[in-house]
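A short write-up of the structure that comes next.
2 protein chains.
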Amino acid sequence: MSTEIFTIFMIMMSFGAEASGPSPATDLLNRIFQNIDLRQNDFVQTLKEWLAVQSDSSDPQLRGEVIRMMGIAAKRIQDLGATAQLVNPNMTEMIGGRQVPLPPVLLANLGDDPKKPTVCFYGHVDVQPAKKEDGWTTDPYTLTEINGNLHGRGASDDKGPVLAWINAVDTLNTLKQDIPVNMKFIIEGMEETGSGGLEEIIKKYNHFFSDIDYIVISDNSWISRKPALIYGSRGNAYFFVEVKGSERDLHSGSFGGITHEAMSDLIALLDSLVDPSGRILIPGIYDDVATLTEEEQQLYDKIEFDMEEQKNKIGVKKFVQSTKVETLLHLWCYPSLSIHGIEGAFYGPGTKTVIPSKVIGKFSIRQVPNMNLSAVKEKVSKHLENVFAKRNSPNKLTVTMPIGALPWVTDAKELQYEAARRAVAKVFGIVPDMIKDGSTIPIAKTFQTVTQKKIMMLPIGGSDDGEHSQNEKISRDNYIQGTKLFAAFFLELAELHQKKQKYSNQINKD
Amino acid sequence: MSTEIFTIFMIMMSFGAEASGPSPATDLLNRIFQNIDLRQNDFVQTLKEWLAVQSDSSDPQLRGEVIRMMGIAAKRIQDLGATAQLVNPNMTEMIGGRQVPLPPVLLANLGDDPKKPTVCFYGHVDVQPAKKEDGWTTDPYTLTEINGNLHGRGASDDKGPVLAWINAVDTLNTLKQDIPVNMKFIIEGMEETGSGGLEEIIKKYNHFFSDIDYIVISDNSWISRKPALIYGSRGNAYFFVEVKGSERDLHSGSFGGITHEAMSDLIALLDSLVDPSGRILIPGIYDDVATLTEEEQQLYDKIEFDMEEQKNKIGVKKFVQSTKVETLLHLWCYPSLSIHGIEGAFYGPGTKTVIPSKVIGKFSIRQVPNMNLSAVKEKVSKHLENVFAKRNSPNKLTVTMPIGALPWVTDAKELQYEAARRAVAKVFGIVPDMIKDGSTIPIAKTFQTVTQKKIMMLPIGGSDDGEHSQNEKISRDNYIQGTKLFAAFFLELAELHQKKQKYSNQINKD
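Protein chains in written order, with the UniProt record's numbering: chain X, 1 to 510; chain A, 1 to 510.
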């Protein structure tokens, strides 16, 4: 089907069920929703069991727990009737001079009816670090329900969404209903530390992806209380700026005043990057940023995003921008530069009178279309070298870019988005916001580039879930309604996909 | 004796032994030196035993070892015939929410002959942290002799010098020689972390200090291969610059570009402090710096300080200043500002995409006469507030000064310095360099202020001992010649002191 004809088809679809035949039997959907409501405590219980596993991928000591968690997920997916395999990457991770194994990646199939569309779900079951003493008010590895919120590390990121998808399939099984789509799963255990080993597996198991029609990622959240679909995310270019002075750390009493201190150089370099309003000062950095379309700006005006609520959430008096649209544009359509910290300098509490010998400043620039990573790297390096040259310092400057992740964006008019919009309407009775994510989900770009499949991000987490933070939670409502959303999505996707096929066949016959 | 008469006396003394009667019997000194040479392996063995104690005062887990070390030192000093007491401070230290006891301070007396001068020795037996994996090529707690150097944590800072003083007394005992001075000892176990509890003890036991004539501190080193006496040290004003943004750390993807980041503010503040040549940019900071006398500048010209050797030692291509005199002036007579690090930002290896919510920049300004600590604090605060105000940031700035230590300087023409000069001449056959120390030895200022006694720093460590660094050492030569130096100093001090008394009595009679 040509793009043009597909667009006509999608416009017809958008007139709603009446214009394109009956929707999936309302009574089936009602039975599904009732069954989910009925079994919600079972679903919460399974989430509790999953959250109890300390699958923190950043701690090599807990690597065994990540591997155990992968096994639990595999077993659960097999219980749905799927064929699951745990595939070990060849790579290992070197930590502190010893090799730490990477956990396996889970690949699973359920159904292979050629008449059905095939949808692959991506999620992860590893978590960010969490300790009670970080300021949690409940034990991070014991699901605790408070005021309708299910607290625990991984509740929203990403064990809750993974289980919601599984629950949705399980519900159809329980009701002895045919699953209207072929299902694939790709579940990993290293997402929180950069998905080590995943790209290798995606490339190696390309046959696994060959018959997939859609990939759905559910690993982020809404930006308000309103459900949302995500059609783009920023990339990231991470920089290390190393300044090396003396061969070893010096005492500031014995050498202060006579040596060119690496820290003074680094501080001056870091201070040359952004102005107080956050505008990046690196010459030419905005050159390739895609011009904003009026269409996109108009879209933003309708998005639910309460500036006051957002400010209260993070505890700031004001944002840099004063309007909602400007704020969203700066979060999604413009690059931003953040200085994260310095390695090699004194960082502890108290006082230490050291002149650090070698310091590495760390900052990153979020990438938007159509920025070019190698051009960004060149501009940043050139700028820093110029600033450094003016200081006339005998120290040594080295600039590297350890991470270069491209932004991801897709066409929100694609069929999977329409199916998701309809599913949201069925569950929540509203039209979802079409949003982007200011952060980087490299796996989206990897799937897009390597598999060339249609991708969608379908989040079920709330805007106040506090992923990566203390007291992470998912609300019981988001978890259970999210389960319904996924089930409804299967039905809507199957229906739209089959109609598209039929329409396409007809057009081709005519 | 008036200052004027005392000056005349000292001028007479400086004409040497001939002008003021016979020096202490050369054969006694020879016998002392021979005995020290003879027993040098015993002295090294005791140092080995002391270095084996992991008396790292910065590690609360090792506090017991510091306390054990204090007991070993007390026992050793008692064996000299002294009366020793271990005095516990009232203070405790709070570390990670639990109270950790402070080690006791050792106060000891040996002799109370009213005809003899009383000299008090200050040293410490705690050490800086040391781990093999920090890059030591030998076990830091096992004294290892390589090419005439005795390697081990604390060898030079400060167990070696403490033992050298003890060895000197012990030698006189062994030779059944009367010790020509009354001896006191004040030995502590918290020097490396700021001498917690010591000032309290000094104030409480003021009677211990009442009959002391001279305090000798041996806790630093020469600045070349040439022996040196130290008559001044810089003070230090340490600053915390806290910038608080959001209530919690934020994800740079989700909030980068829309929030006023605390790190950008802090970096700009830190970048306003010094220019690339190290000149401090805080308005008025040099106003109170004492004008250099021509006499002092001329003194510096004769001091042995090899710029090339110093540069090679720390591995830098060049210093800020090109001449020796300029370098020494900047190390001893001018303030310097060093940026030590940032608390609250990302400091680990690898990448983390955090926008830190609260960051504390840490820097310190070395103080010289006649800088005024409260004026410095005011100028620094005002400057930072001005820079911050121009940024128009909604974040919160707080500037504090947790450490304010005054510089210390004394008159190098005092009697104890003359005695030390003579002792150096006896042991090394040369005139020592009169130097200052760019770093801060707060205990010197505390002794000066609280006890009002005459103070001298008499170092025996070499300029390449690497205190606080990997592979710390004292050379066997410095340790053994240092023992001789202390013994010769006792004799010279007693002789000069008694002559001064006699001369003084005569003047008063006339």
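Even for Gly, the Cβ is constructed at its ideal location relative to N, Cα and C.
- In the structure shown, A:Leu229 falls within a strand segment according to DSSP collapsed to helix, strand and coil.
- Taking each of A:Pro103, A:Ala268, A:Met91, A:Trp50 in turn and checking the Cα distance to A:Gly64, the smallest one comes out for A:Pro103.
- In the three-state DSSP reduction, A:Ala494 falls in the helix class (H, G or I).
- When only Cα atoms are considered, X:Asp219 and X:Met456 end up about 11 Å apart.
- Using a Cβ-Cβ cut-off of 7 Å, X:Leu250 is close to Ile314 of chain A, given in chain order.
- DSSP places A:Val241 in the strand class (E or B) of the three-state scheme.
- Linking X:Gly429 to X:Lys226 through their CA atoms gives a straight-line distance of about 11 Å.
- Counting along the chain, the unbroken beta strand (DSSP E) around X:Pro402 starts and ends at 396-405.
- With respect to chain A, the C-beta atom of X:Met263 has a partner C-beta closer than 8 Å.
- Under the 10 Å beta carbon count, X:Tyr286 is surrounded by fewer than 16 other beta carbons and is classified as exposed.
- For the pair A:Lys317 and X:Glu467, the Cα-to-Cα distance works out to about 48 Å.
- Annotation: the continuous alpha helix (DSSP H) that includes X:Thr26 extends over 26-38.
- Look at X:Gly148 here: in three-state DSSP terms it is coil, with no helix or strand label.
- As the crow flies, the alpha-carbon of A:Glu492 is around 16 Å from that of A:Tyr503.
- Residue contact with chain X for A:Ala268: present (Cβ-Cβ distance below 8 Å to some residue of chain X).
- When DSSP assignments are scanned along the segment 163-210 of chain A, the uninterrupted stretches of beta strand (DSSP E) that are 3 or more residues long and fall wholly within it turn out to be 182-188.
- The three-state secondary structure of X:Gln452, taken from DSSP, is coil.
- Sequence-distant Cβ neighbours of A:Lys352 in its own chain, meaning closer than 7 Å and more than five residues away, are Phe346.
- With 16 or more other CB atoms across the displayed protein chains lying within 10 angstroms of its CB, X:Ala108 is buried.
- Contact annotation: in the segment 411-431 of chain A, no residue has its CB less than 8 Å from a CB in chain X.
- Close partners of A:His383 in chain X (Cβ separation under 8 Å) are lacking, with about 15 Å as the shortest Cβ gap.
- Under the Cβ distance rule, A:Pro407 does not count among the residues neighbouring chain X, no pair being separated by less than 8 Å.
- Fewer than three Cβ pairs drawn from the segment 271-290 of chain A and the segment 189-204 of chain A lie within less than 8 Å of each other, which leaves the two stretches out of contact.
- Assignment of X:Met70 by DSSP, reduced to helix, strand and coil, places it in the helix class.
- With respect to the C-alpha of A:Ala168, the residue from A:Ile441, A:Phe209, A:Ile36, A:Lys500 having the closest C-alpha is A:Ile36.
- Here A:Ser210 is exposed: its Cβ has fewer than 16 other Cβ atoms, across all protein chains shown, within 10 Å.
- Taking C-beta atoms as the reference points, A:Val66 and A:Asp126 count as a pair closer than 8 Å.
- Contact check between the segment 145-152 of chain X and the segment 468-484 of chain X: three or more CB pairs, one atom from each, fall below 8 Å, which counts as touching.
- Distance check between A:Ser469 and each of A:Thr259, A:Ile166, A:Lys382, A:Thr138 places A:Thr138 closest, using alpha-carbon atoms only.
- At least one C-beta of chain A is nearer than 8 Å to the C-beta of X:Glu247.
- Just so you know, the alpha carbons of A:Pro180 and A:Ile186 end up roughly 19 Å apart.
- For the set A:Lys484, A:Ala389, A:Val105, the Cα lying nearest the Cα of A:Phe33 is the one of A:Lys484.
- The beta carbon of A:Gly278 lies closer than 6 Å to those of Val320 in the same chain, with the five residues before and after it left out.
- Taking C-beta atoms as the reference points, X:Thr410 and X:Gly232 count as a pair closer than 8 Å.
- Distance from the Cα of X:Phe489 is smallest, within the candidate group X:Val387, X:Arg39, X:Cys120, X:Val359, for X:Cys120.
- The beta carbon of A:Pro161 sits no closer than 8 Å to any beta carbon of chain X.
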